[in-house]
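> Following this message is one structure expressed as structure tokens.
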Amino acid sequence: MNEKRLEGPGPLHREDGALSACGWATQLELAYDRTRIKAPGWRIKEWDYYLVNDGVYAVALTLGDLGYLGLVSASVIDFAQAAYKTTSVITPFPLGRFRLPSTSREGVSSFENGRVSFRFEAGNGERRLHARFAQFDGDDDLVFDAVLSDEPEDTMVIATPWAEDPLAFYYNQKIVAMRARGSFKKGLLVHGFAPDDSFGLLDWGRGVWTRDNTWFWGVAQGWQDGRGGARPGSHCFGLNLGYGFGDTSAASENMAFVDGVCHKLHRVDFGVPEKPAAANARKVADRYDLLAPWHVTDDEGRLDVTFTPLLDRADCINALVVCTDQHQVFGTFDGTVVLDDGTPFRIAGLQGSAEVVHNVY
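For the sequence shown, numbering that gives the first Met the number 0 begins at 0 and goes up steadily by one.
Following this line, the structure appears as structure tokens:
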């Protein structure tokens, strides 16, 4: 493996708008500053995505200022029933008016109108999440409150360019396997997230994309004992896998986390089964058999896991200049990850998701 590690402190961008460095890190070593971006404002993408889950439910919240449009979205995933509900509010041309923070470490991300109110507050070692969504599911409102704590020592950070566009970039942090406590209420359903068995993650991203992209992202978090068991109180384990987005020749975003410590992986392949007519498919669901098992491997023989799907959270948006075909598949991971010291770490029944997304912006 020959990947470049980012070193800071310093600005993310040079004066000419190109990335000052490309590579990976375990913290936000380089400082993001929207004013240093030379691309037009309508091309800038900024988003915060949080997910909280235990073995029964997950709640996901997205707050995104995507230049052309603003996206405020909530999902409730019911693992026992293999069901989900996603509801979104779209606003035209926010162009930075969401004023999302330039760092994930502290600050407030918020949005409010007559139907929905989101507030993500980071600081003092905690992340406080609040969401209210009127008529989220028919006449049922959604109210969600959670606190994420015990942030891991290491996170996944990547600074990625696009070879075909010097002004395009992807600066991303994934914080996996924080401890979570809180609850949600949807209509008459009330569910609490207890800190002993609930986990939270953050996908924090800032960037300028090229127009047509397809990416793959997988993430999982939970208790694992390393020998194929999942006993509470053993090891707090996380997995972040991804590819397909930009020029990742300097570094990939693939990592395993054991008790908050990163173990860096190289190139991965999700092994998503293809359908017979895949070569002529225009939609993600027409190309891939998303609910068949995926065989996820790497190029160094360190990752060999099977992802067994439970449900496909499909969400397609077609808003004139913006089209997204998203399939976030929830399920479980089973297999082996070889840690940096050569130790095989067995995972079993690890709850998570793996997605295939095609975007045209």
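The beta carbon of each residue, even a glycine, is placed where N, CA and C say it ideally should be.
With DSSP run on the structure shown, which of helix, strand or coil describes A415?
It is not possible to answer for residue 415, since the shown part of the chain is limited to 0 through 360.
> At the level of alpha carbons, what is the spacing between V218 and F143?
Approximately 22 Å between the Cα atoms of the pair.
> Nearest to K184 by CA position, among N212, I76, F168, is which residue?
The option with the nearest alpha carbon to K184 is I76.
> Go ahead and pull the three-state DSSP assignment for D288.
D288: coil per DSSP, three-state reduction.
> By a C-beta neighbour count over all protein chains shown, 10 Å radius and 16 as the cutoff for buried, is E6 buried or exposed?
When all chains shown are included, E6 counts as exposed.
> Are there three or more Cβ pairs, one per stretch, closer than 8 Å when the segment 197-206 is compared with the segment 174-184?
Short answer: they touch.
> Between the alpha carbons of L141 and A59, how many angstroms are there, rounded?
About 12 Å.
> D246: which of A121, R42, E163 sits nearest, CA to CA?
D246 has its Cα closest to that of E163, out of A121, R42, E163.
> Based on the DSSP secondary-structure assignment, which residues constitute the bridge partners of P91?
The partner list for P91 (beta bridge, DSSP) reads L68.
> What are the start and end residues of each continuous beta strand (DSSP E) run of 3 or more residues lying completely inside the segment 268-337, in chain order?
With a minimum length of 3 residues, the continuous beta strand (DSSP E) runs that stay inside the segment 268-337 are 293-297, 302-318, 321-337.
> Taking only runs of the beta strand (DSSP E) that begin and end inside the segment 85-132, which ones reach a length of at least 3 residues, in chain order?
106-111, 115-122, all fully within the segment 85-132.
> To which residues does DSSP link K44 through a beta bridge?
In the DSSP output, where bridge partners are listed per residue, K44 has G206.
> On the CB-based measure, 16 or more other CB atoms within 10 Å of its CB, does K173 come out buried or exposed?
Under this definition K173 is a buried residue.
> Report buried or exposed for R4, applying the criterion of at least 16 other Cβ atoms within 10 angstroms of its Cβ.
It is exposed - the Cβ of R4 has fewer than 16 other Cβ atoms within 10 Å.
> Hey, would you say G237 sits closer than 8 Å to F256, going by beta carbons?
A contact, by the Cβ cut-off of 8 Å.
> Across which residues does DSSP place G217 in a beta bridge pair?
Its beta-bridge partners are L240, A353.
> Between which two residues does the beta strand (DSSP E) holding G171 run?
The sequence given here has Asn at residue 171, not Gly. Per DSSP, N171 belongs to the beta strand (DSSP E) from 164-185.
> CA-CA distance, W161 and P8?
W161 and P8: Cα-Cα distance of roughly 23 Å.
> May I ask which residues mark the beginning and end of the beta strand (DSSP E) holding T247?
Per DSSP, T247 belongs to no beta strand (DSSP E) and is neither H nor E.
> Any contact between the segment 222-235 and the segment 342-353? By contact I mean 3 or more CB pairs, one from each, below 8 Å.
Yes: the two stretches touch, three or more of their Cβ pairs being nearer than 8 Å.
> So, do the segment 291-302 and the segment 25-40 have three or more beta carbon pairs nearer to each other than 8 Å?
No, because fewer than three Cβ pairs between the segment 291-302 and the segment 25-40 fall closer than 8 Å, the two stretches do not touch.
> Please identify the residue among A57, T209, S116, H357 whose C-alpha is closest to the C-alpha of R131.
Of A57, T209, S116, H357, the residue nearest in Cα terms is S116.
> Helix, strand or coil: which one does DSSP assign to R35?
In this structure, R35 counts as helix in the three-state DSSP scheme.
> Which of the three DSSP states, helix, strand or coil, is assigned to A81?
Coil.
> Would you give the residue range spanned by the beta strand (DSSP E) that P160 belongs to?
First-last of the beta strand (DSSP E) with P160: 155-161.
> Which residue wins for smallest C-alpha separation from Y170, given the options D53, V295, I316, F244?
Minimum Cα distance to Y170 is reached at F244.
> Just verifying my parser: in three-state terms, what is the DSSP assignment at H12?
Three-state DSSP puts H12 in a strand.
> Give the single residue among Y242, A249, S74, T323 whose Cα lies nearest to the Cα of G270.
Answer by Cα proximity: Y242.
> Between the alpha carbons of C322 and R230, how many angstroms are there, rounded?
Each residue's Cα considered, the two are about 42 Å apart.
> In whole angstroms, give me the CA-to-CA distance for V355 and Q325.
Taking the straight line from one Cα to the other gives about 6 Å.
> On the DSSP letters alone, give me the boundaries of the beta strand (DSSP E) that D144 sits inside.
First-last of the beta strand (DSSP E) with D144: 139-148.
> Among residues of its own chain, excluding the 5 on either side of E14, which ones have a beta-carbon nearer than 8 Å to its beta-carbon?
Closer than 8 Å at the Cβ level, and outside the excluded window around E14, lie R35.
> Which residue's Cα is closest to the Cα of G66: P100, G330, L94, L201?
The option with the nearest alpha carbon to G66 is L94.
> Do F168 and G206 come within 8 Å of each other at the CB atom, strictly closer than that value?
Result yes, Cβ atoms of G206 and F168 sit closer than 8 Å.
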